[in-house]
Amino acid sequence: MTKVYSHHVGNVLSSDIFYNADTTASERWMRMGILGVEMESAALYMNAIYAGVEALGVFTVSDHLIHETSTTPEERERAFTDMIEIALSLV
């Protein structure tokens, strides 16, 4: 039996800014269709370009920037496990 995962596909902003001083930035990104913000994949994509290979980011959402909510440790662990299973199924 095939497992069904909850997922979204779309644009994610990769930024090296941990805390943005512009308090309206998240709302603007949301209006532009950005689904999430993360800091790690920029290096992955830059190295892929340098090496001439393809790269893919698979992310787990843990915090909502607008509503200022976050997942519980149990929800986060389950989501990370699902993300790992999805990533491993792609290789």
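FYI, in the UniProt record's numbering the residues of the sequence shown are 1 to 91.
Don't be surprised by glycine CBs; every beta carbon is placed ideally from N, CA and C.
Distance CB(D66)-CB(E27) smaller than 8 Å: Counted from its first residue, the sequence shown places residue 66 at position 66. Counted from its first residue, the sequence shown places residue 27 at position 27. Per the sequence presented here, residue 66 reads as Ile, with Asp not at that position. It is a contact, given that the beta carbons lie within the stated cut-off.
Those residues which DSSP pairs with G36 across a bridge: Translated into positions along the sequence shown, residue 36 becomes position 36. For G36, the pairing in a beta bridge is given by DSSP as V12.
Opposing strand residues paired with H64 [DSSP bridges]: Position 64 of the sequence shown holds residue 64. Bridge partners of H64 according to DSSP: T69.
Straight-line Cα distance separating M30 from V58: On the sequence shown, position 58 is the one that residue 58 refers to. On the sequence shown, position 30 is the one that residue 30 refers to. C-alpha separation (whole angstroms): 19 Å.
Span separating the alpha-carbon of M32 from that of S15: Here residue 32 is taken as the residue at index 32 of the sequence shown, counted from 1. Here residue 15 is taken as the residue at index 15 of the sequence shown, counted from 1. Cα to Cα, the separation comes out at about 16 Å.
Short Cβ contact (8 Å threshold) for G10 with L35: On the sequence shown, residue 10 is found 10 positions in, with the first residue counted as 1. On the sequence shown, residue 35 is found 35 positions in, with the first residue counted as 1. Contact: yes.
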